[in-house]
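Student: Residues in the sequence shown are numbered consecutively from 1, following the working numbering.
Just so you know, even glycine gets a beta-carbon here, dropped at the ideal spot from N, CA and C.
Source: prediction; values computed, not measured.
Once you've had a glance at the structure underneath, I'll fire off some questions.
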Amino acid sequence: MTNEQKYRESKIVETLWSMSSDFSELSFMWEYASDEAKEEESYMYKEVELKDNFENKAKTVYKLIIAYLESSTLKEYLADFKTEFSTLFTGKIKDLFDSEFDNGSGEMYSKTVSLLWHFLSPFEFSQQSYINKLLNQTGVTYLERILRNTQVIINETNAKPTSEPQVYNAVKFVVKSVFPSALEPTSGFFKSFKNFNPDILVPEIHTAVEYKYANTETKLKAQIDQVVADTKGYTGDTNYEIFYAVFYVTDDFWGIDKFETVWKEMEFPKNWKGIYIIGKNNST
């Protein structure tokens with residue numbers, strides 16, 4: 001197999017899982033946001049953004065799979081793929097967002113992504129990726145959905161946080177109801193000069209969460225630097241392999257695009273993920 005084929009395989013897998021993440025966040029919003037929240041401009045903007053991302057990634061993976069099958073000279077398989085999936089882009093676009101309920105996980109999942117995985121199932125790269133990630137990341141994906149909806153949770157509690165603990169304690173209540181092991185977590189992040197204590201620990205999915213609160217752009221920059229130190233401190237406990245840094249800002253100081261650019265430029269470890277949450281300005 002050529003390097004180009006391996007690259008296409010990795011991009012197909014990466015795009016499909018990214019689509020799953022977008023859809024999970026959408027379904028979480030649809031299910032748990034209040035009617036009042038759904039009328040807010042921020043909710044509608046986020047919904048449109050996620051839908052656009054999902055649609056663009058669907059078009060990308062469609063082209064990637066066609067290129068992969070063409071280069072593999074699988075003409076009959078290619079013809080079947082075009083017949084089965086071309087209607088997703090020529091028919092009603094809402095069909096892209098069809099969902100079904102998974103009784104096993106208790107979650108809604110994307111019918112489009114599921115059909116694409118099923119079509120690719122005869123290929124070894126698809127089977128290995130799908131099985132491993134389905135077993136290991138379902139819980140992590142659900143936790144991330146909760147973290148990304150921090151402001152939705154806060155709105156539901158009518159809280160007006162002015163500090164870091166007030167933010168993560170509101171979210172911790174939801175996390176505890178979903179992940180029983182988060183009730184009495186323990187960690188081994190002990191250094192000779194400091195004891196590092198994450199705000200939320202979920203041992204059953206080997207994940208730790210650190211919240212950062214910023215009410216100015218200067219504070220946001222300082223919190224980014226603090227996470228750099230955290231990445232060095234949160235080592236030594238083999239029970240935790242995945243880390244989230246959730247930045248709750250009282251105003252949109254940077255915007256999500258700039259935040260993600262800065263996160264990439266800082267070259268955080270691959271098992272760390274940054275999330276940018278825009279809260280309501282509570283200083284007034």
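1. Shortest alpha-carbon distance to Y244 belongs to which of D257, V202, T250?
2. What is the rounded straight-line gap between the Cα of K98 and the Cα of E25?
3. Roughly how many angstroms lie between the CA atoms of F190 and F259, to the nearest whole one?
4. Whose C-alpha, out of Y32, N215, D95, is nearest the C-alpha of Y248?
5. Between V13 and E156, what straight-line distance do the alpha-carbon atoms span, to the nearest angstrom?
6. At 4 residues or longer, and completely inside the region 58 to 120: list those alpha helix (DSSP H) runs for me, N to C.
7. Just how far apart, CA to CA, sit T83 and I154?
8. Is it the case that the Cβ atoms of V174 and I205 are separated by a distance below 9 Å?
9. Applying the 10 Å Cβ sphere with the 16-neighbour rule, what's the burial state of S121?
10. Who are the Cβ neighbours of V228 in its own chain at under 7 Å, not counting the five residues just before and after it?
11. If I follow the unbroken beta strand (DSSP E) through W272, where does it start and stop?
12. Drop a sphere of 10 angstroms on the beta-carbon of F193, count the other beta-carbons inside from all chains shown, and report buried for 16 or more, exposed for fewer.
13. Would you decide whether S71 is buried or exposed? Buried here means 16 or more other CB atoms lie within 10 Å of its CB.
14. Under the three-state reduction of DSSP, which class applies to T207: helix, strand or coil?
15. How many angstroms separate the CA atom of G255 from the CA atom of L69?
16. When the Cα of K273 is compared with those of P165, D230, F253, which residue comes out closest?
Tutor: Well, looking at it:
1. The residue with the shortest Cα to Cα distance from Y244 is V202.
2. First, the residue type needs correcting, since residue 98 is Asp and not Lys in the sequence shown. A direct Cα-to-Cα measurement between D98 and E25 gives close to 14 Å.
3. A caution first: F190 carries a pLDDT of 49, below 50, which makes its placement in the model too unreliable to give a value.
4. Nearest option by C-alpha distance: N215.
5. One C-alpha to the other measures close to 35 Å.
6. Given a length threshold of 4 residues, each whole run of the alpha helix (DSSP H) inside the region 58 to 120 is given here in chain order: 75 to 85, 87 to 90, 111 to 120.
7. About 46 Å.
8. The Cβ atoms of V174 and I205 do not sit closer than 9 Å to each other.
9. Result: exposed.
10. Result list for V228: M266, in chain order.
11. That run of the beta strand (DSSP E) goes 272 to 278.
12. Its pLDDT being 40, under 50, F193 is placed unreliably by the model, and the measurement read from it follows with that caveat. Classification of F193: exposed, given that the 10 Å Cβ count is below 16.
13. Exposed, because fewer than 16 other Cβ atoms sit within 10 Å of the Cβ of S71.
14. Correct three-state label for T207: strand.
15. Here the C-alpha atom of G255 lies approximately 39 Å from the C-alpha atom of L69.
16. Measuring from the Cα of K273, the nearest candidate turns out to be D230.
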